[in-house]
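Asker: If you count by the numbering used here, then the sequence shown holds residues 662 to 974, one letter each, in order. I have a structure here, written as structure tokens, and I will follow up with some questions on it.
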Amino acid sequence: MASSFFALFDDIATLLDDISVMTKVATQKTAGVLGDDLALNAQQVTGIQADRELPVVWAVAKGSLVNKAILVPAALAIAALETWLKGRGIGIPLIMPLLMIGGAFLCFEGVEKLVHKFLHRKEAEEHDKMLAQAVADPSMDMLAFERDKIKGAVRTDFILSAEIIVISLGTVATQSFAKQFGVLVAIALIMTVGVYGLVGGIVKLDDLGLRLARPGASRLSTMSGRAILAFAPKLMRFLSVAGTAAMFLVGGGILVHGIPLLHHWAEAAHALPPSWLWENLFNAATGIVTGALLVAALAGVTKLRDQQRSPAA
């Protein structure tokens, strides 16, 4: 009995150790989505009253957990279905196409952000101005405004969480169900706690800076507060830039790994010193080109659809 218990304990310890290692790999793979997730969710609370920022972040975090409670079983079911089909001689890949779609979407999203930033800057400025005016309006229903913000943030989180779960699943696709379950649950919890914990800290940086720089504070406290107030917007910009760059690196890397010709070219680039630089540049270039093609295709389809509707109008 004792030997059976210790054997079971050893199996569990080995399983947890394997899950820990694979979770670390999966976390590295999803780091690109993480940076963008941080920036997007921190921006989602823009316009919320200071004393309501943390409750809103907490509400979105709970919505994120619900999203992952849906996505993790769905991903495991897809992996189980693929394994079941292979066992019956039906070699239909299910995980790789999802990975490719997720990678392509990351590239599309990255280019779309760049296009919106550089080609639609005036529209973004007008939107921010209108938002500030609306929030300052005393007749505005702030509870309804919060609910809309939360719904929008949860919808955005669902897409980003789907990308994270699919990419994580791709790293453990050949492992046992127990290891797949352990890694996906660990990633879901780590990402949720990590992202929304950091978002909560980021959105309260301004409050901390104002508190430290309050009238009558010591010189050191005032200097620290002003430094935090100057640092907070720079941190947001850095997260946004880093998240966009990581989208191309991660999304391009997924596409390169899944397309034999691109994988062959990537190996040739990897052979050049320094290998890490050329490999990452190739992945980023692949991501940028793919995203640009998808954005151009969507713009073309939208324009064609508008032209077909205009005569009828």
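We treat Cβ as the ideally placed atom computed from N, Cα and C, and that holds for glycine.
Gly771 and Thr905 - do their beta-carbons sit closer together than 8 Å?
Answerer: It is a contact, given that the beta carbons lie within the stated cut-off.
Asker: Whole angstroms are fine: how far does the CA of Ile848 sit from the CA of Ser829?
Answerer: The straight-line gap from Cα to Cα measures roughly 8 Å.
Asker: Please state whether DSSP places Pro754 in a helix, a strand or coil.
Answerer: Three-state DSSP puts Pro754 in coil, outside helix and strand.
Asker: If you count every other CB in all the chains shown that lies within 10 Å of the CB of Met908, and 16 or more means buried, which is it?
Answerer: So Met908 counts as buried.
Asker: Would you call Ala668 buried or exposed, if buried means 16 or more other Cβ atoms sit within 10 Å of its Cβ?
Answerer: Residue confidence for Ala668 is low, a pLDDT of 42 falling below 50, so the modelled location carries little weight; the figure read from the coordinates is stated next. Counting Cβ neighbours within 10 Å, Ala668 comes out exposed, since fewer than 16 surround it.
Asker: Gly961 to Thr951, Cα distance in whole Å?
Answerer: Taking the straight line from one Cα to the other gives about 15 Å.
Asker: Would you say the beta carbon of Ser936 is closer than 7 Å to some non-hydrogen atom of the ligand MN?
Answerer: As far as ligands go, the structure on display features none, and thus does not contain the ligand MN.
Asker: With a threshold of 16 other CB atoms inside 10 Å of the CB of Val827, please say whether the residue is buried or exposed.
Answerer: It is buried - the Cβ of Val827 has at least 16 other Cβ atoms within 10 Å.
Asker: Do you know offhand how far Val854's Cα is from Ala722's?
Answerer: Distance between the alpha carbons of Val854 and Ala722: 8 Å.
Asker: Going by C-alpha to C-alpha distance, which of Ala765, Ile753, Val733 and Glu743 sits closest to Leu954?
Answerer: Ranking Ala765, Ile753, Val733 and Glu743 by Cα distance to Leu954 puts Ala765 first.
Asker: Under a Cβ-count criterion, where at least 16 other Cβ atoms within 10 Å of its own Cβ denotes burial, should Met884 be classed as buried or exposed?
Answerer: Its Cβ having fewer than 16 others within 10 Å, Met884 is exposed.
Asker: Does Asp818 have its Cβ less than 8 Å from a Cβ in chain B?
Answerer: The structure shown contains no chain B, having only a single protein chain.
Asker: Could you pull out every residue in the same chain whose Cβ sits closer than 6 Å to the Cβ of Asp678, ignoring the five residues on either side in sequence?
Answerer: Residue placement at Asp678 is flagged as unreliable, the pLDDT there being 48, under the threshold of 50; the coordinate-derived value follows with that caveat. Nothing meets the Cβ criterion.
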